[in-house]
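Written below as structure tokens is the structure these notes are about.
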Amino acid sequence: MKKNLSLYALQQVFAASCILAFPVVAVAEADQIQRVELNGVNATNKVRQGEPTIVSVFGKEELARYGDTVLSEVLKRLPGVTISESKNKGTVISLRGLGVGYTQILLNGEIMPDGFAIDTIAPENIERIEIMRVAGADSSAQGIAGSINVILKKKTTQDQTEVKWRLNQQLGYVDPGLTFSSSGKSGDLAYNLSAVLDRSRTDNNDRIDEYLLQKAAPDSRQAETLLSARQLQQAAQVQRDSLSITPHLNWQINPDQTLSWQGFVNQVYLHQTKQESETTLAGPTTDFPHNTSVWNGHLSTARNTFSWERSLENDAKLSLTTGWNYFRRASFFQFWGSDVGGQLLQHRDVSADANENVFKLNGKYLVPAIKDHALSMGWETSYGKRQEQRTEHDQDAGGNQVLYTNQQYDASMTKLALFAQDEWHLSESWLSYLGLRWEHVSVQSDVAGGFALAHTDSLLSPIVQTVWKLDAQRQWRFALNRTLKAPTLVNLIPRIIRIDNDNGPLNPDQQGNPVLRAEKSWGLDVAYEQFNAEGSMLSASSYMRKISDVTIDSLSQQANGWLVMPVNNGNAVVLGIELETKFALTAIDASLPKINLHANLNRNWSRVMNVPGPDNVMPDQVKFSANVGMDYQLQAGWTLGGNYSFQSHGAERASAYSYASQNPQRKLDMYSVWKVNPQTQIRLSVSNLLHQDSRQRDDYEDTQIRAGQQIVKARNAVWHLLWEQRF
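Taking the numbering used here, the leading residue of the sequence shown gets 1167, the next gets one more, and so forth.
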């Protein structure tokens, strides 16, 4: 089966290459371009090979290859990263296939606030992405599966201006985009400015089939009774407008002192209209068989970081970082629920607002040179205030008030971390990394009449990593570390969030749990790596995580309907294997085509001890994922390529009563780049060329009832045309 899958992937890649082909002008500089790209691959391999920690680095050339407009599309092709959609949890970006919250997403090494969507970061503003399977002591320990660190642009080494014009096409919509970047230097002051303006529109069409059965008594010969069966059609139109600006200044005060400022401003406006119509096959209708809703959201993010670095005697170094982070989410929701005849029954008006301000002060001291050691220590501190308010006003058709709520809370967040680490060269072939981090997180909320909350998490995390070099090309890695997954504010606040329509065991209301504890984990990693001078590499690794206080969703039936709440539920074990390779055909034989191949495979297993089997796996875990891709220099100045991905969740049992499954996902992306001259190139790409529908199945069964639901989401291909001009 795997052999046929790989063959099918390669057939699709070469077939779609014909679609993307367009005339090419050969340029003399193309051979030089190829050498530069190859040198970049070698440089990336050398960084990975020489690092004492398990980290992979991907530069901006590799990230920009397909001309993506959202970051999740970039991440899905990176080794070990999976992108999936979880019911009621949105897009899930994960390492080791684990679900929401197990993978730590960082921006310039800092944790992002609750409610921040990673797709609001424009790929054009990114300098590189670091994937850390095991983070060092100077990074937060809140990443059981690992960390993905997004580094914004800040290189200021040369004078250069670049403009990119973009057109995106999806389902008949043609949307524009513009990117501007400029860098330069004047005396001791260097700068970089990058700005991205983008618009995207799409139509989402979902179909939901559901049924509810009354079970017969155990000693009865009667058949089950069909209580209800219905089909719901949902159509949503979404428009997204965004502006992202990333400035950076670097001042070389003197040969020993540097002062820099990194800014980030992001504005995103979202507008969604949604229509739902119901076809009743048996039993009663839902509360609002025909309904319409409109949602408007405004997300604002601003981050300012000031860094001062000074070189001291005996190779010692002191660095201080301070800054302020701001996040605001304002949303306005209108819902009109009608009966089967279209008569208005209820109007719902909801406004929600969240504001967060965080101030930070971090320091790091590199201890004066000790032979064969690179010893450093430091601290991280931050204090934040978060305010949230949610107002709901429901009226019937006559304008009479049905429900009014005004929920608000203010929370303060204090974080403190102390760390020490040592990179120790025991010999020419043996490098070790020893780290110790103590991390403390406290959340407090005591607003009168609001949601009282007091939550504290602390963790002492030892980190041991070692590299044993067999020779100049081959090496083994071992790592042991301690990590945690702290609960989010949304999961802590005991506020009930009602669903709009059709409450049931498969579509319940949601409530936070103020006594929820952090999940804590011990992790072990083993890897074998081989790097060749031609830029090829091979990696095979395995991992294991033993997690305590695993969080699962607890479902119960209340007086006002079904409700789900996160609870701690004992221990779990997670383990898996990861394979990765990349190589050029010309390294095998110089007469072969200039094709670079890359592939990766991940297989993950897990078991939640307190959930009965079979299929008692971690929530939303991706069991198997694979990527295979190529980059082909067809002629001088013309490169094309593609990437085929496969992802399978399998079956999942959340409790003795709940069961879920999802169909395997197959995606094909293609790109072609034509370099007109050294300053100009045209990029044409398509994402999700197979546009396979997503099918998710959920079932619930207890001693009284049996319910089933299938959600089918239509998927579409997205085309990108990009003109890149340098000055």
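Yeah, the Cβ is synthetic: ideal placement off N, Cα and C, and Gly gets one too. Since we're looking at a predicted model, the values are computed, not measured.
>> To the nearest angstrom, how far is the alpha carbon of Gln1787 from that of Pro1844?
In response: C-alpha of Gln1787 to C-alpha of Pro1844: approximately 45 Å in a straight line.
> Where does Val1223 fall in DSSP's three states?
Replying inline: Val1223: strand per DSSP, three-state reduction.
>> Per the DSSP calculation, Asp1422 is bridged to which residue(s)?
In response: For Asp1422, which the question treats as bridged, DSSP gives no partner whatsoever.
>> One question on the structure: do Leu1318 and Gln1428 come within less than 8 Å of each other, judged by their Cβ atoms?
In response: Yes, they are a contact pair.
>> At the level of alpha carbons, what is the spacing between Val1340 and Thr1439?
In response: Spanning the alpha carbons of Val1340 and Thr1439 requires a straight line of approximately 19 Å.
> In three-state terms, what does DSSP make of Glu1228?
Replying inline: Glu1228: helix per DSSP, three-state reduction.
>> Just to check my reading of the structure: Tyr1837 and Leu1806 have Cβ atoms closer than 8 Å, yes? What is that Cβ distance to the nearest angstrom?
In response: Right, their Cβ atoms sit about 7 Å apart.
> By DSSP, does Gln1215 sit in helix, in strand, or in coil?
Replying inline: Helix, per DSSP.
>> Could you give the first and the last residue of the continuous alpha helix (DSSP H) run that contains Asn1910?
In response: Only positions 1167 to 1893 of the chain appear in this structure, which leaves residue 1910 out of reach.
> What distance in whole Å lies between the Cβ atoms of Glu1328 and Gln1891, which are believed to be in contact at a cut-off of 8 Å?
Replying inline: Rounded, the Cβ-Cβ distance is 7 Å, consistent with contact.
>> Below 8 Å, how does it come out for the stretch 1629 to 1648 and the stretch 1411 to 1418: are there three or more Cβ pairs, yes or no?
In response: Contact fails between the stretch 1629 to 1648 and the stretch 1411 to 1418, because fewer than three Cβ pairs, one in each stretch, are under 8 Å apart.
>> For Asn1762, which residues in the same chain have their Cβ closer than 6 Å to its Cβ, ignoring the five residues on either side in sequence?
In response: Excluding sequence neighbours, Asn1762 sits near Ala1750 and Asp1797.
> What alpha helix (DSSP H) runs, 4 residues minimum, are completely inside the stretch 1612 to 1688?
Replying inline: Counting whole runs of 4 or more residues, the stretch 1612 to 1688 contains the alpha helix (DSSP H) stretches 1655 to 1658.
> If you drop the 5 nearest sequence neighbours on each side, which residues of the same chain put their C-beta closer than 8 Å to that of Ile1662?
Replying inline: Counting only Cβ-Cβ distances below 8 Å, and skipping sequence neighbours, we find Asp1675, Gln1676, Gln1677 and Leu1729.
> Which same chain residues, not among the five before or five after Asp1280, have their C-beta less than 7 Å away from its C-beta?
Replying inline: Taken in chain order, the residues that qualify are Thr1654, Leu1655 and Val1656.
> alpha helix (DSSP H) containing Glu1239: first to last residue?
Replying inline: Leu1237 to Leu1241 is the span of the alpha helix (DSSP H), which, as asked, contains Glu1239.
> Between which two residues does the beta strand (DSSP E) harbouring Ala1482 extend?
Replying inline: No beta strand (DSSP E) holds Ala1482; DSSP gives it neither H nor E.
>> Let me make sure I understand the geometry here. Which of Asn1737, Ala1356, Gln1380 and Val1607 has the alpha-carbon closest to that of Gln1418?
In response: Relative to Gln1418, the option among Asn1737, Ala1356, Gln1380 and Val1607 whose CA is nearest is Ala1356.
>> So, under 8 Å CB-CB, Ile1931 and Ala1820 are touching, yes? Tell me the CB distance rounded to an integer number of Å.
In response: Any question about residue 1931 goes unanswered here, given that the chain covers just 1167 to 1893.
> For the putative contact between Glu1390 and Ala1382, defined by C-beta atoms under 8 Å, what is the C-beta separation to the nearest angstrom?
Replying inline: Taking a contact as a CB-CB distance under 8 Å, the pair Glu1390 and Ala1382 counts as one, their CB atoms being some 6 Å apart.
> Going by beta carbon distance, what residues of the same chain come within less than 8 Å of Pro1218, once the five residues before and after it are set aside?
Replying inline: The beta carbon of Pro1218 is closer than 8 Å to those of Glu1589, Leu1597, Ser1598, Tyr1599, Gln1631, Thr1632 and Val1633 in its chain, skipping five residues each way along the sequence.
> Candidates Phe1525, Ser1708 and Val1681: which alpha carbon is nearest Asp1715's?
Replying inline: Taking only the C-alpha atoms, the option nearest Asp1715 is Val1681.
> Where do the N-terminal and C-terminal ends of the beta strand (DSSP E) with Ile1761 fall, by residue?
Replying inline: According to the DSSP assignment, Ile1761 belongs to the beta strand (DSSP E) that extends over Ile1761 to Val1774.
> Hey, would you say Val1839 sits closer than 8 Å to Gln1847, going by beta carbons?
Replying inline: Gln1847 sits close to Val1839, with the two beta carbons spaced by under 8 Å.
> Quick one, are the C-beta atoms of Asn1480 and Pro1534 less than 8 Å apart?
Replying inline: Yes, the Cβ-Cβ distance between Asn1480 and Pro1534 is below 8 Å.
>> Rounded to whole angstroms, what is the Cα-Cα separation between Asn1566 and Leu1741?
In response: In a straight line, the C-alpha of Asn1566 is about 56 Å away from that of Leu1741.
> Near Pro1342, which residues of its chain fall below 7 Å by C-beta distance, leaving aside the five closest residues on each side in sequence?
Replying inline: These residues qualify, in order along the chain: Arg1332, Leu1333 and Arg1365.
> Can you tell which of Met1543, Leu1241 and Asn1698 has the C-alpha that lies nearest to the C-alpha of Ala1303?
Replying inline: Nearest in C-alpha terms to Ala1303, of all of Met1543, Leu1241 and Asn1698, is Met1543.
>> Just to confirm my understanding: we take Gln1118, look at its own chain, exclude 5 residues before and 5 after, and list those with CB closer than 7 Å. What are they?
In response: For the chain, the structure presents residues 1167 to 1893; residue 1118 sits outside this window and is missing.
> Once you ignore the five residues that flank Leu1758 on each side, which residues in its own chain have a CB closer than 8 Å to its CB?
Replying inline: Answer for Leu1758: Leu1751 and Thr1752, listed in chain order.
>> Using 8 Å for Cβ pairs, my map puts Ser1895 next to Tyr1866. What's the rounded Cβ distance?
In response: Within the shown structure, residues of the chain are numbered from 1167 to 1893, placing residue 1895 beyond reach of any answer.
>> The beta strand (DSSP E) that contains Leu1850, what's its start and end?
In response: Thr1846 to Ser1853 is the span of the beta strand (DSSP E), which, as asked, contains Leu1850.
> Considering only residues of the same chain and omitting the five flanking positions on each side of Gln1942, which have a CB-CB separation below 8 Å?
Replying inline: Beyond the ends of the chain as shown, which are 1167 and 1893, falls residue 1942; an answer cannot be given.
>> What ranges does the beta strand (DSSP E) occupy inside the stretch 1246 to 1314, keeping only unbroken runs of at least 3 residues that lie completely in it?
In response: Counting whole runs of 3 or more residues, the stretch 1246 to 1314 contains the beta strand (DSSP E) stretches 1247 to 1252, 1256 to 1261, 1269 to 1273 and 1292 to 1298.
> Secondary structure at Ala1753, three-state DSSP: helix, strand or coil?
Replying inline: In the structure shown, Ala1753 sits in a helix (DSSP, three-state: H, G or I).
> Okay, do the stretch 1506 to 1513 and the stretch 1451 to 1470 touch, 3+ Cβ pairs below 8 Å being the bar?
Replying inline: Taking 8 Å as the limit for Cβ pairs, the verdict is that the stretch 1451 to 1470 does touch the stretch 1506 to 1513.
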